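Under numbering that gives the first Met the number 0, the first residue of the sequence shown is numbered 0, with each subsequent residue one higher.
Note that beta-carbon positions come from the ideal geometry of N, C-alpha and C, so glycine has one too.
Note that the structure is predicted; figures quoted are calculated from it, not measured.
Remarks on the structure that follows.
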Amino acid sequence: MQEHPRWQIHRKIGTYNPATVPASIVLDDAKAFDWLMKGAQPSDTVRAMLSYRGVMLKRHLQIGVGKSAITQEQADAKLAEWGKTKSDKIQTKIEGLSNAKQSAAKARRDAETKVKDARTEAIRKKAIVAAAPPVEAPTEAPAEGEAPAAESQA
Numbered sequence: 000m001q002e003h004p005r006w007q008i009h010r011k012i013g014t015y016n017p018a019t020v021p022a023s024i025v026l027d028d029a030k031a032f033d034w035l036m037k038g039a040q041p042s043d044t045v046r047a048m049l050s051y052r053g054v055m056l057k058r059h060l061q062i063g064v065g066k067s068a069i070t071q072e073q074a075d076a077k078l079a080e081w082g083k084t085k086s087d088k089i090q091t092k093i094e095g096l097s098n099a100k101q102s103a104a105k106a107r108r109d110a111e112t113k114v115k116d117a118r119t120e121a122i123r124k125k126a127i128v129a130a131a132p133p134v135e136a137p138t139e140a141p142a143e144g145e146a147p148a149a150e151s152q153a
């Protein structure tokens, strides 16, 4: 039995994982483009993902080619330029996040080292105090003219 064409709209053409940084979008761009050119209306969320991947721009440029507003070569050049700019921007963001993560880790290590050094110094000072002989309180000598306390009672 042959499948009815309208049931084909529920095919999976990609996945989205917002848990990664930056969010990962795995998408079959060709199928998404074909889907849009046949008149599909994506939701706002899907439209944002398609724009992020350049599929909406490609559709826009292809419509311009269809209306003879631009040539196919111009459309391909604009899409390639956009793709290079977008990949550079993504790479810069990934590097920035990586650098921020590394500097945060270094700051944590430095703070932990400072605390460790302070504790080590405190333990060293306690050990020095504990190892020193006890200091006896000096006995006061009687002032001149006074008799020692033990002698006055005799």
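Beta carbon of residue 82, beta carbon of residue 53: below 9 Å? Cβ atoms of residue 82 and residue 53: closer than 9 Å.
Could you check where the alpha helix (DSSP H) with residue 64 kicks off and where it finishes? Note, residue 64: alpha helix (DSSP H), 54-65.
Nearest-angstrom Cα distance between residue 121 and residue 85? A straight line joining the alpha-carbon of residue 121 with that of residue 85 spans about 54 Å.
Between the C-alpha atoms of residue 111 and residue 119, what's the straight-line distance to the nearest angstrom? In a straight line, the C-alpha of residue 111 is about 12 Å away from that of residue 119.
Closest to residue 15 by C-alpha separation, out of 39, 35, 45, would be which residue? For residue 15, the closest alpha carbon among the candidates 39, 35, 45 is that of 45.
Looking at the unbroken alpha helix (DSSP H) that takes in residue 128, where does it start and where does it end? From DSSP, the alpha helix (DSSP H) with residue 128 extends over 71-130.
Over what stretch of residues does the beta strand (DSSP E) that includes residue 13 continue unbroken? Looking at the DSSP string, the run of the beta strand (DSSP E) that includes residue 13 is 13-16.
Output yes or no for whether 9 Å exceeds the beta carbon distance between residue 69 and residue 60. In contact: residue 69 and residue 60 (Cβ atoms closer than 9 Å).
Could you please give the first and the last residue of the uninterrupted beta strand (DSSP E) stretch that includes residue 23? First-last of the beta strand (DSSP E) with residue 23: 23-26.
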